[in-house]
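K.L.:
If you're matching them up, the sequences are chains P and Z in order. For the first sequence, UniProt numbering begins at 1 and goes up steadily by one. For the second sequence, UniProt numbering begins at 1 and goes up steadily by one.
There are 2 protein chains.
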Amino acid sequence: MDDKREAGLELDPKFDAAGLITAVVTDAGSGAVLMVAHMDAEALAATYATGEAHFWSRSRQRLWKKGESSGNVLKVIEMRIDCDQDAVWVIAEPAGPACHTGEASCFYRRIAGDRLERL
Amino acid sequence: MDDKREAGLELDPKFDAAGLITAVVTDAGSGAVLMVAHMDAEALAATYATGEAHFWSRSRQRLWKKGESSGNVLKVIEMRIDCDQDAVWVIAEPAGPACHTGEASCFYRRIAGDRLERL
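(1) Asp82(P) touches chain Z at which residues, Cβ-Cβ below 9 Å?
(2) Are the beta-carbon atoms belonging to Phe55(P) and Met39(P) less than 8 Å from one another?
(3) Using the three-state DSSP reduction, which class does Thr50(P) fall into: helix, strand or coil?
(4) Give the secondary structure of Arg115(P) by DSSP, where H, G and I count as helix, E and B as strand, and everything else as coil.
(5) Just to confirm the assignment, what range does the beta strand (DSSP E) spanning Asp40(Z) have?
(6) Tell me, which residues are paired with Lys14(P) by DSSP?
(7) With contact counted as at least three CB pairs below 8 Å, one residue from each stretch, are the segment 60–70 of chain Z and the segment 82–90 of chain Z in contact?
(8) Can you list the residues of chain Z that Ala45(P) reaches, using a CB-CB cut of under 9 Å?
(9) Can you check whether the CB of Leu116(P) is closer than 8 Å to the CB of Glu10(Z)?
(10) Near Asp16(Z), what residues of its chain come up, given a Cβ to Cβ distance below 8 Å and the 5 sequence neighbours on each side ignored?
(11) For Ala105(P), does the count of other Cβ atoms within 10 angstroms reach 16, so buried, or fall short, so exposed?
(12) Taking its Cβ as the centre, do 16 or more other Cβ atoms sit within 10 Å of Asp27(Z), making it buried, or is it exposed?
(13) What are the boundary residues of the beta strand (DSSP E) that Lys75(P) is part of?
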């Protein structure tokens with residue numbers, strides 16, 4: 001166990017080989033998980049500094065402010081990091097649907113065997 | 001947009017190059033994010049079939065039932081999948097602390113600039 005990283009009080013994100021950590025965003029009001037995405041060091045810093053969630057877009061290979069085109073920004077209420085510092089939990093107030101499909105959350109389907117059910 | 005995967009009702013997980021998808025576990029009671037880990041196809045199937053959360057341990061390179069040694073299993077209430085099917089949200093009832101540090105959640109520290117604050 002990496003004691004300093006796991007029990008210390010210094011921010012020391014453990015980025016993967018691609019320079020990313022996982023970011024989970026939940027709705028501060030409902031508690032629902034809104035989306036899961038990735039942050040590089042710049043996105044993590046921008047999220048903290050601006051109070052709006054930023055990610056690294058793996059498909060576009062660039063910094064991406066959530067809502068930059070849709071307007072559906074995620075206002076950051078609090079950021080937490082997990083024990084081994086390779087995942088961030090962003091508690092946020094969404095300005096609109098978090099999912100590009102128009103759903104409030106990207107997790108709008110329940111697993112039912114080999115099938116999915118809309119919530 | 002991959003319409004079938006993103007809007008369809010067929011379970012079709014998009015595993016990464018290592019055969020994994022991200023799994024986020026929240027506490028069915030408090031709504032807190034308990035942990036973030038990874039599932040391969042076998043872990044995903046075992047989680048659904050047994051009603052207890054299983055993951056792929058990247059450090060041990062094997063299937064891992066959460067709580068197999070500690071007893072702190074995660075009883076699955078519901079499983080959801082996100083729009084592009086590369087992340088799963090497991091809503092669970094934890095039998096005990098979810099974190100190996102003994103904390104209820106792995107996310108027990110808040111980010112405050114370059115520092116962390118215990119909750």
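C-beta atoms are modelled at their ideal positions from N, C-alpha and C, and glycine is treated no differently.
P.N.:
If we stick to the structure as given:
(1) Residue numbering aside, residue 82(P) sits at position 82 when the first sequence is read from its first letter. Within chain Z, the residues whose beta carbon sits less than 9 Å from that of Asp82(P) are Val33, Met35, Val36, Cys99, Ser105, Cys106, Phe107, Tyr108 and Arg109, listed in sequence order.
(2) Numbered from 1 along the first sequence, position 55 holds the residue referred to as residue 55(P). Numbered from 1 along the first sequence, position 39 holds the residue referred to as residue 39(P). Contact: yes.
(3) Sequence index remark: in the first sequence, residue 50(P) carries index 50 (1-based). Thr50(P): helix per DSSP, three-state reduction.
(4) Position 115 of the first sequence, counting from 1, holds the residue named residue 115(P). Arg115(P) falls in the strand class under three-state DSSP.
(5) Against the second sequence, residue 40(Z) aligns to sequence position 40. Neither: Asp40(Z) is in no beta strand (DSSP E) and is coded neither H nor E.
(6) For the purposes of this step, residue 14(P) is taken as residue 14 along the first sequence, with counting starting at 1. According to DSSP, Lys14(P) bridges with nothing at all.
(7) Short answer: they don't touch.
(8) If you number the first sequence from 1, residue 45(P) lands on position 45. Neighbours of Ala45(P) in chain Z, taken as residues at a C-beta separation under 9 Å, are lacking, since the least C-beta distance is about 10 Å.
(9) Here the question's residue 10(Z) lines up with position 10 in the second sequence. Here the question's residue 116(P) lines up with position 116 in the first sequence. Going by C-beta atoms, Glu10(Z) is nearer than 8 Å to Leu116(P).
(10) If you number the second sequence from 1, residue 16(Z) lands on position 16. Around Asp16(Z): Asp86.
(11) Against the first sequence, residue 105(P) aligns to sequence position 105. Checking the sequence, you will find Ser at residue 105(P) rather than Ala. By the beta-carbon neighbour count (other beta carbons within 10 angstroms, threshold 16), Ser105(P) is buried.
(12) Working through the second sequence from its first residue, we reach residue 27(Z) at position 27. Buried.
(13) Counting from 1 along the first sequence, the entry for residue 75(P) is found at position 75. The continuous beta strand (DSSP E) containing Lys75(P) extends over residues Leu74 to Ile81.
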